[in-house]
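Input: a single structure, listed below in structure tokens.
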Amino acid sequence: IHCKLNLRNMPTEAPCNKRHEQRRSKSDGWISRKLASTLLIALAIYLDKKSSYVSFRSSYFLFVAATDTESEEVCNISKDENEDCKDSNSECAKWASAGECDANPGYMRANCQKSCGSCLTNDNRSLIETLSKYGEEQEVQGTKVKDSLEIIRETIAYMENDVFGPNPTHDIPRETALECKNRDKLCAFWAAIGECEANIAFMITRCAPSCKSCHLVDHDKRCPPLDPSIPPALLPGDLNLMFERIVAMAPGNRTGDAEKEAPGDLDGDAMPNYTVTIHSQPTSLMEGNRIVDIERDMEEDPWIITLDDFLTEEECAHIIELGYKHGYERSLDVGKQLFDGSFEGKQSSTRTSENAWCTKECRNDSVMQRIHHRIEKVTGISADNSEDLQLLKYTEGQFYRPHHDYIKHQVDRQCGPRILTFFLYLSDVEEGGGTGFTGLDLVVMPKRGRALLWPSVLNSDPKREDPRMTHEAKDVVKGKKFAANSWIHLFDFITPKSYGCA
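Heads up: the sequence shown runs through residues 46 to 547, numbered per the working numbering.
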């Protein structure tokens, strides 16, 4: 059905579906858009009453203005292309007007598409289908439909004109380009809300098309070799000196001379009055001298110490609560290497504990910041060298069979290998749950507030694994065991982690 109205100079924003182009006359019109819209809507309502074929609710208006002085506006009244666009709850319109589309997008996206204005036309569905050649089909709903669709348009142009264009100007290997995929259905949405910049490590590889980062999918391109001018946390011979200093400087272990020689007040700045117990140590002490002798390292016992009262009762309770807040899940071992150089996690029958990673806002928690700083003061190694704390929960019957914390593939990466494990006990355990060092016939029992510290590398070569430091979390027989791992690296861990290079 066509209706001709003598309209001139229609305003920029047409009241019909925005995906259609509108040509506007330069001449002044004699009828306002509001009046024109009213006439057309009235006509649609009239037709709706006369025929079941034309429905006002599923109609759209296409305005086409001629460029001459007698501009004609042609309005096509037809069935909407998206008949599935509807609300599943009669309250949707009221909720939408109250701002719930933004406040509660999860529910509203799924149940109030029409009221939230998140319905898709066939053209938009075609865009989504086109992009699906480059990964997961994107979910476009909610309050960011317009922005997400714009990301999809840009992504298609990027992939078809740049990455796979006939005359590419990049040097991305074809095998890398083929691995450049959106690996989640929300990549376009995340890109639209700024996650490409806010969550770089995840987005530039998992949502590379949407972030236009196909050139960074290859680990070697994304992660250049370690700058040799950057000093390591420990030089050869420093490890033994560090442990000797920690023992001497502990507030509960200080002698008069050690206290006088202390470079700072270690029991200040929220530092508790902890006491160090030596469970294993080399026979020969360094006594201030940096001695490098690998044969001597292997002949003598390694360092293992505990720091009692390193954490307060309140700090332990707070960390446990953070674990529950961020969600304890089944602990995973390091699995196979993925397309982007990262390594997947895999469940193992030798590890049945649960853990939560204390990242982002959890790491920035004031108590966690205090603990990171405390560990930094004790070890003398920057908190930036420490991974996010792994918060652990063991219930009765759970365990972690013998393993080593050293990860071989990190040796040549920017962060370097794990050199120390600073293990924090957050609870007492009624029975079992000790940390056993299998080659040393040593078991350290959990105690709330206690820290257990051991190296993963040799004093003579802090890049080299110390094979004697294999250990296990023994079965919890009765009660629950809460703990936390702080793994400390030879170099800065936080910066390369932010680019997916750790």
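Glycine residues also receive a C-beta, built at the ideal position from the N, C-alpha and C atoms.
Output the distance between the C-alpha atoms of glutamine 459 and aspartate 537, rounded to the nearest integer angstrom. 8 angstroms
When you compare only the Cα positions, how much space is there between histidine 548 and aspartate 450? In the structure displayed, the chain extends from 46 to 547; residue 548 sits before or after that span and is not available.
Simplified DSSP state of glutamine 435, which is helix, strand or coil: strand
Go to leucine 280, then tell me how far its beta strand (DSSP E) extends in each direction, as first and last residue. No beta strand (DSSP E) holds leucine 280; DSSP gives it neither H nor E.
Just the C-alpha distance for glutamate 399 and aspartate 207, rounded to the nearest angstrom, thanks. 44 angstroms
Considering only the beta carbon of each residue, do leucine 352 and alanine 518 sit closer than 8 angstroms? no
Is aspartate 216 close to the ligand NAP? I mean its beta-carbon at under 7 angstroms from any heavy atom of the ligand. As far as ligands go, the structure on display features none, and thus does not contain the ligand NAP.
With a 10 Å radius around its C-beta and 16 neighbouring C-beta atoms as the bar for buried, classify proline 211 as buried or exposed. exposed
Suppose you measure from the CA of glutamate 358 to the CA of valine 292; what does that come to, to the nearest Å? 23 angstroms
What residue does the alpha helix (DSSP H) around isoleucine 420 start on, and which one ends it? 411 to 424
By Cβ distance, which residues of its chain are closer than 6 angstroms to arginine 513, with the 5 residues on each side in sequence left out? Pro347 and Gly484
Please confirm if leucine 503 has its CB atom under 8 angstroms from at least one CB of chain C. The chain inventory of the structure shown lacks chain C, comprising one protein chain alone.
Helix, strand or coil: how does DSSP classify threonine 395 here? coil
Contact defined as beta carbons within less than 8 angstroms: I believe valine 321 pairs with glutamate 360. What is the distance between those atoms, to the nearest angstrom? With a Cβ gap of about 18 angstroms, valine 321 and glutamate 360 do not count as contacting.
Which two residues bound the contiguous alpha helix (DSSP H) that contains alanine 222? 219 to 223
What residue range does the alpha helix (DSSP H) around lysine 370 cover? 358 to 371
Which of the three DSSP states is assigned to leucine 231 in this structure? coil
Which residues does DSSP pair with valine 489 in a beta bridge? Thr480
Going by other Cβ atoms of all chains shown within 10 Å of its Cβ, with 16 needed for buried, is arginine 493 buried or exposed? buried
Helix, strand or coil, according to DSSP, for valine 502 in the structure here? strand
Segment limits, beta strand (DSSP E) that includes histidine 516: 516 to 518
My output table needs one value for glycine 210: the three-state DSSP class, helix, strand or coil. coil
Three-state secondary structure assigned by DSSP to glutamate 457: The residue asked about is misnamed: residue 457 is aspartate in this sequence, not glutamate. Looking at aspartate 457 - three-state DSSP - the assignment turns out to be coil, as it is neither helix nor strand.
Spatial distance of alanine 529 from threonine 328 (CA atoms): 30 angstroms
Which residue spans inside the segment 136 to 208 form an unbroken alpha helix (DSSP H) run of at least 4? 137 to 142, 145 to 148, 150 to 156, 167 to 176 and 190 to 202
State yes or no: is the C-beta of aspartate 192 within less than 8 angstroms of the C-beta of serine 160? no
Proline 632, buried or exposed, once every other Cβ within 10 Å from all chains shown has been counted against 16: With the chain running from 46 to 547 in the structure shown, residue 632 is simply not present.
The beta strand (DSSP E) enclosing isoleucine 464, as first and last residue numbers: 463 to 470
Please confirm if the segment 140 to 154 is in contact with the segment 165 to 177, defined as three or more CB-CB distances below 8 angstroms between the two stretches. no
Could you tell me if asparagine 26 is buried or exposed, where buried requires 16 or more neighbouring beta carbons within 10 angstroms of its beta carbon? It is not possible to answer for residue 26, since the shown part of the chain is limited to 46 through 547.
Whole-angstrom Cβ separation of alanine 401 and histidine 371, contact assumed at under 8 angstroms? 4 angstroms
In the structure shown, what three-state DSSP assignment does isoleucine 539 receive? helix
Between which two residues does the alpha helix (DSSP H) carrying serine 255 extend? 253 to 256
Cβ shell of proline 541 (< 6 angstroms), same chain only, five flanking positions each side left out: Gln459, Cys460 and Ala547
Going by DSSP, which residues form a beta bridge with aspartate 132? Cys157
Measure the alpha-carbon distance for isoleucine 539 versus asparagine 430 and round it to whole angstroms. 7 angstroms
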